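Protein chains in written order, with this note's numbering: chain R, 39 to 422; chain U, 195 to 500.
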Amino acid sequence: MDFDWTEEDRTYRARIRNFLERELPPNWVEISRHGPGSREQTEFSLDFCPKLAEAGLLVPHWPVEWGGANRPAWEHFILGEEMWAAGEPRGAQYMNVNWIGPTLMRFGTPEQKRRYIPEMAAGKAIWCQGFSEPNAGSDLASLRTHAERDGDAYIINGNKIWTSYAAMAQHCFLLARTTGEAMGKAGIAIFLVPMSTPGIEVRAIPSLIGHGDIHEMFFTNVRVPVSARLGEEGEAWSIISYSLANERVGIPRYELAVRVLGGMVRELAARGAFEDHVVRARAGSALASCEAARMLVYRAVDKRARGEMIGAEASMARVAVVEADHAVTDFGLDFLPDTFSGRAFPAHLAHHERAIVTGIAAGAAEIQLGLIARHWLDLPREAT
Amino acid sequence: MRFNPNEDQATFLSVLEQMMESEEAGWRQAHEWARFDWSAPFDTMMEENGFFDCAVEETLGLVAAAAMTYRVASLPIAVECAASSILRPQYAPELPRPIAVIERHAEDPIRFLPMAKSVLFLGSDRISAAILNPDAVEPVESLFAYPMGLLKTRELDWQPIDADPDAVHDSWRIALAAEMTGALKGGLDAVVAHVRERHQFGRPLGSFQALQHRLASAATKIEAAYWLTLKSAQRIGPADAAAALGYVQEASTKVIYDLHQFMGAMGLTLEHPLHRWTYRARLLRSSLSGADANLAAVSAKRWSAL
Ligand SMILES: Cc1cc2nc3c(=O)[nH]c(=O)nc-3n(C[C@H](O)[C@H](O)[C@H](O)COP(=O)(O)OP(=O)(O)OC[C@H]3O[C@@H](n4cnc5c(N)ncnc54)[C@H](O)[C@@H]3O)c2cc1C
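1. Please determine, among U/494, U/283, U/332, the residue with the shortest C-alpha to C-alpha distance to residue 360 of chain U.
2. Can you tell me the Cβ-Cβ gap for residue 236 of chain R and residue 208 of chain R, rounded? I've got them flagged as a contact below 8 Å.
3. Give the C-beta separation of residue 276 of chain R and residue 489 of chain U to the nearest angstrom, bearing in mind that I take them to be a contact with Cβ-Cβ under 8 Å.
4. Quick check: is any heavy atom of ligand 1 less than 7 Å from the C-beta of residue 137 of chain R?
5. Quick check: the stretch 389-409 of chain R against the stretch 341-360 of chain R, are at least 3 beta-carbon pairs closer than 8 Å?
6. Listed in chain order, which residues are found with a beta carbon closer than 5 Å to a heavy atom of ligand 1?
7. Considering only residues of the same chain and omitting the five flanking positions on each side of residue 316 of chain U, which have a CB-CB separation below 8 Å?
8. Could you spell out where the alpha helix (DSSP H) holding residue 92 of chain R opens and where it closes?
9. Run through chain R and tell me which residues come within less than 7 Å of residue 425 of chain U, C-beta to C-beta.
10. Tell me the start and end of each unbroken beta strand (DSSP E) in the stretch 111-198 of chain R that is at least 3 residues and wholly inside, in chain order.
11. Is the beta carbon of residue 359 of chain R sitting closer than 8 Å to the one on residue 331 of chain R?
12. Using a cut-off of 9 Å between C-beta atoms, extract the partners of residue 321 of chain R located in chain U.
13. For my contact list, residue 472 of chain U and residue 453 of chain U are in at a C-beta cut-off of 8 Å; report their separation, rounded to the angstrom.
14. Answer with buried or exposed for residue 374 of chain U, where buried requires no fewer than 16 other C-beta atoms within 10 angstroms of its C-beta.
15. Check the Cβ-Cβ distances between residue 408 of chain R and every residue of chain U, and say whether any is below 8 Å.
16. Taking buried to mean at least 16 other C-beta atoms within 10 Å of its own C-beta, is residue 333 of chain U buried or exposed?
17. Measure the Cβ-Cβ separation of residue 267 of chain U and residue 470 of chain U and say whether it is below 8 Å.
18. Have a look at residue 131 of chain R and residue 246 of chain U and give me their C-alpha separation to the nearest angstrom.
19. If you measure between the beta carbons of residue 247 of chain R and residue 138 of chain R, is that distance less than 8 Å?
20. Less than 8 Å between the beta carbons of residue 273 of chain U and residue 236 of chain U, yes or no?
21. Output the distance between the C-alpha atoms of residue 129 of chain R and residue 95 of chain R, rounded to the nearest integer angstrom.
22. What residue ranges within the stretch 321-345 of chain U form continuous beta strand (DSSP E) runs of no fewer than 3 residues, ordered along the chain?
23. Tell me, please, whether the CB atom of residue 253 of chain R is closer than 8 Å to any CB atom in chain U?
24. Would you kindly work out how many angstroms separate the C-alpha atoms of residue 58 of chain R and residue 93 of chain R, rounded to a whole number?
25. Assign residue 275 of chain U to one of three DSSP states: helix, strand, or coil.
26. Is it buried or exposed for residue 203 of chain U, if we count other Cβ within 10 angstroms and need 16 for buried?
27. Can you find a CB in chain R that lies within less than 8 Å of the CB of residue 392 of chain U?
28. List the residues that DSSP assigns as beta-bridge partners of residue 386 of chain R.
29. Would you tell me roughly how many angstroms separate the C-alpha atoms of residue 512 of chain U and residue 278 of chain U, rounded to the nearest one?
Below, the structure is given as structure tokens:
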């Protein structure tokens, strides 16, 4: 067992930090004010990601054939931590890098790969993920958006919701069913749909978590060629289970949380308020929560790095991250309440604004607890 | 970063498991789960096989000692492993064991004192040790699932230990975190086994989501505490040991409550060993002045420059 970084890991992290220091403009706080889905940050990412690509820092873990360098899983993870903690200057493109690209590499036709992957590796592609629907959230398998075969095309009709980045996206990784609802998971297929296809309407949903983050999408007689289908009909579930296995660990939010907490502590010290025993105990508790989350996330990443499938470990990591994020927000709200209004403490605002997401996006915390109960504790399925 | 044990650690831990499971370990014979059970045969087995000295073996190290302390604490018996495997090899290799540790006041009831051959005193500015003879100790009754005793006299032959008190306190935090996390894990496993088997309303208790989520949450805290503890045993960050202990002490409130809830009335009896784990954890939660003090120490160590 060894819980320390290697010299190589440290050098790699330092290199990313140097890159960020050099490439993030002085007004980055302004640009990133409304979050990764905002127009400002998305446009920035289209300029920033090509630079990352040039420096070999966009898809280093991808195979050489597709513009990567076959670098190990840990490096990919370090990259994710540094990017998220810097406010995610890749905007929506982290999704391509993390899982959409690798999914296409594994399951795509040669034509699909040629068409989509080079653009991702160049840092110029914005995708969105069309899974959730108004009546299919946690119970995703009950989704109703329908793709009907019509000769060498499919006609798609339905309604998606909570789609991040949809307004700025060029492509959608869409789930739709090709059979009746009774087929459940077995009736779902994946479609790679250009967002410019006639019949797609996108509406932004005003939210508490920044601009451009969540949307509703309406598909009315959207015609896509059969060649837009990824994998076979009915194969969607096994493909996304495979490709999202790594994503279930979620965004490395604890890394930003720890840095925000450090800033709060420095502010308290500057105000002469960090000698108080209660403040110290609570800061220590918030830090311990963040480090606990970090350990559970690393344990899951360690399995991935060894090529093992991640199971309930990912759910445990998610649950711990939710607690850590909230512990830091609550610490700030309790001891620095004045810093959560106005514009003087943008990091506190951003963290407060986005921590509310942690327990819901990418599978609610309660769903994770259910998975832990069944797959880790081997408790019997709930009676229905 | 590597969460798997190395080859020697893996062998070491699997031999430990075999010893824990063996007949000779002696704890399975219990028909009734009295308040505590001193682990004499198992203790001898571990000592004779050199397990308590693993921390100074290059390929095993303090991380293996912490993992061992955690595993051993998940047994329903009281084993003096924490001080013997984590403090003794580092600071007092000649000290006879079992060892009782005095954290604060020598007048307090102290665990393991009735069978201890020596005491280690962890003062804030000095560390000292003394050999014990049996007349110096008076056993006391206690709810906690440890043998507890009082020192009748402070007039022992105290020898100073040449070590940085803060470093010794941190080592003790690692040891306590490992022991407490292991005790909670033992309790969790027992309760999970129980709710899988016990039926009410025509279904296993464990199929009720109200129990599932709370047990899943407990399992998550225990896993996190375990990895925090092993990491702290590698001594990377200055606040790691305090974070590991403070974290599990803070988490224990809810975990212990839930474990007893889900065992129902059976959990209040001496027919089931649940109390052997939860009452040990209850004592350990006050160790080194408890969660708030250890979490405040996290702040002091992490942000020492402020
Ligand atoms: C910021 C954000 C971005 C998102 N981005 C995308 C995206 O890009 N693409 C996409 O497809 N989706 C996206 N989502 C949707 C997300 O996947 C869903 O919100 C999530 O799966 C939960 O579904 P729901 O919101 O419909 O909640 P519901 O399914 O209605 O559940 C509500 C609550 O009920 C509880 N609950 C539900 N089921 C159970 C159960 N079985 N047991 C116990 N409790 C339960 C949970 O507490 C849950 O939070 C995003 C969501 C957020 C918040």
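Where is the CB? At the ideal position from N, CA and C, for every residue including glycine.
Computed from a predicted model, the values in this text were never measured in an experiment.
Put simply:
1. In the second sequence, the residue the question calls residue 360 of chain U occupies position 166. Of the candidates U/494, U/283, U/332, the one whose C-alpha sits nearest the C-alpha of residue 360 of chain U is U/494.
2. Start at 1 with the first residue of the first sequence, and residue 236 of chain R comes out as number 198. Start at 1 with the first residue of the first sequence, and residue 208 of chain R comes out as number 170. Their Cβ separation, rounded to whole angstroms, is 15 Å, which puts residue 236 of chain R and residue 208 of chain R out of contact at 8 Å.
3. Sequence index remark: in the first sequence, residue 276 of chain R carries index 238 (1-based). Sequence index remark: in the second sequence, residue 489 of chain U carries index 295 (1-based). Contact flag wrong, Cβ pair sits at about 45 Å.
4. To locate residue 137 of chain R, count along the first sequence from 1; it is residue 99. Not under cutoff, so the answer is no.
5. yes
6. R/167, R/169, R/170, R/175, R/176, R/200, R/201, R/202, R/395, R/398, R/399, R/402, R/404
7. Against the second sequence, residue 316 of chain U aligns to sequence position 122. Answer for residue 316 of chain U: 295, 296, 297, 359, 362, 363, 366, listed in chain order.
8. Counted from its first residue, the first sequence places residue 92 of chain R at position 54. Start and end: 77-92.
9. Position 231 of the second sequence, counting from 1, holds the residue named residue 425 of chain U. Going along chain R in sequence order, the residues near residue 425 of chain U (Cβ under 7 Å) are 41, 333.
10. 165-168, 184-188
11. Along the first sequence, one-based indexing puts residue 359 of chain R at 321. Along the first sequence, one-based indexing puts residue 331 of chain R at 293. Contact: yes.
12. By one-based count along the first sequence, residue 321 of chain R stands at place 283. The contacting residues are 489, 490, 492, 493, 496, 497.
13. Counting from one through the second sequence, the residue named residue 472 of chain U turns up at place 278. Counting from one through the second sequence, the residue named residue 453 of chain U turns up at place 259. The Cβ separation is near 6 Å, so the contact holds.
14. Residue numbering aside, residue 374 of chain U sits at position 180 when the second sequence is read from its first letter. Flag for residue 374 of chain U reads buried.
15. By one-based count along the first sequence, residue 408 of chain R stands at place 370. Residue 408 of chain R counts as touching chain U.
16. Working through the second sequence from its first residue, we reach residue 333 of chain U at position 139. Exposed is the call here.
17. Here residue 267 of chain U refers to the residue found at position 73 when the second sequence is read from its first residue. Here residue 470 of chain U refers to the residue found at position 276 when the second sequence is read from its first residue. Contact flag unset, no.
18. Residue mapping note: residue 131 of chain R aligns to position 93 of the first sequence, counting from 1. Residue mapping note: residue 246 of chain U aligns to position 52 of the second sequence, counting from 1. Straight-line Cα distance between these residues: approximately 52 Å.
19. Taking the first sequence and counting its residues from 1, one reaches residue 247 of chain R at position 209. Taking the first sequence and counting its residues from 1, one reaches residue 138 of chain R at position 100. Cβ distance not < 8 Å, so residue 247 of chain R and residue 138 of chain R don't count as in contact.
20. Counting from one through the second sequence, the residue named residue 273 of chain U turns up at place 79. Counting from one through the second sequence, the residue named residue 236 of chain U turns up at place 42. Yes, they are a contact pair.
21. As a first step, residue 129 of chain R must be located in the first sequence, where it is residue number 91. As a first step, residue 95 of chain R must be located in the first sequence, where it is residue number 57. C-alpha separation (whole angstroms): 15 Å.
22. 321-325, 331-334, 342-345
23. Within the first sequence, the letter at position 215 stands for residue 253 of chain R. False, the Cβ-Cβ gap to chain U never drops below 8 Å.
24. Indexing the first sequence from 1 puts residue 58 of chain R at position 20. Indexing the first sequence from 1 puts residue 93 of chain R at position 55. Whole-angstrom Cα-Cα distance: 11 Å.
25. Within the second sequence, the letter at position 81 stands for residue 275 of chain U. DSSP places residue 275 of chain U in coil when its eight states are reduced to three.
26. In the second sequence, counting from the first residue as 1, residue 203 of chain U sits at position 9. With 16 or more Cβ atoms within 10 Å of its Cβ, residue 203 of chain U is classed as buried.
27. Mapped onto the second sequence, residue 392 of chain U falls at position 198. So, not an interface residue.
28. Counting from 1 along the first sequence, the entry for residue 386 of chain R is found at position 348. Paired residues: none, contrary to the question.
29. Nothing in the structure corresponds to residue 512 of chain U, since chain U is present only between 195 and 500.
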